[in-house]
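Below is one structure; the comments refer to it alone.
Residue numbers (my numbering): 29 to 190.
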């Protein structure tokens, strides 16, 4: 598990387990509700609900009481499937990194000399967070990123982490 706070105060937590073959999903819990995407990386079957939003009262008696595992969200959470205009219907099957369509999109961007969907800068930013999470785990220290110097730091003032 890793927790990352971005400069504008955005908090991102990542947690993964590799214990069994339970279906893959991504859960984004925001201030106003929750987005759940079913399937692996690139899946497009997503729902949006008011679950966990700031409208909920934080008291013990405000939690729903379940006597069996719910298959759908309670009605008051208003869960609905997200449909992006012009996009195909959502599916829990997504593209893999080695998917032919994924590779074709990249090759087409090179051929047309346009930016691919994910640029080198996206990859760099993603890598920095992953490397920082690993370094933080191994060192037991909270780390900071100095974008000007492009270095990790163990203090918010920019002292470089070695």
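C-beta: ideal position from N, C-alpha, C; glycine also.
Beta bridge counterpart(s) of residue 55 as assigned by DSSP | In the DSSP output, where bridge partners are listed per residue, residue 55 has 64.
Taking the continuous alpha helix (DSSP H) assigned at residue 148, which residues delimit it?
-> Note, residue 148: alpha helix (DSSP H), 148-167.
Does the beta-carbon of residue 105 have 16 or more other beta-carbons within 10 angstroms, so that it is buried, or is it exposed?
-> Under this definition residue 105 is a buried residue.
Please say whether residue 58 and residue 68 have beta carbons closer to each other than 8 angstroms?
-> no
Starting from the Cα of residue 34, find the closest Cα among 183, 157, 72 and give me that residue.
-> 157
Helix, strand or coil for residue 170 per DSSP?
-> coil
Nearest-angstrom Cα distance between residue 181 and residue 175?
-> For residue 181 and residue 175, the distance between alpha carbons rounds to 10 angstroms.
Rounded to a whole number of angstroms, what is the C-alpha to C-alpha distance between residue 169 and residue 154?
-> 20 angstroms
Which term fits residue 72, buried or exposed, when burial requires 16 or more other beta carbons within 10 angstroms of its beta carbon?
-> Buried, by the Cβ-count rule.
Nearest-angstrom Cα separation, counted from residue 103 out to residue 143 = 42 angstroms
Under a Cβ-count criterion, where at least 16 other Cβ atoms within 10 Å of its own Cβ denotes burial, should residue 138 be classed as buried or exposed?
-> exposed
Can you tell me whether residue 108 is buried or exposed, with buried defined as 16 or more other CB within 10 angstroms of its CB?
-> exposed
Closest to residue 148 by CA distance: which of 113, 134, 159 is it?
-> 134
What is the DSSP secondary structure of residue 132, reduced to helix, strand or coil?
-> Helix.
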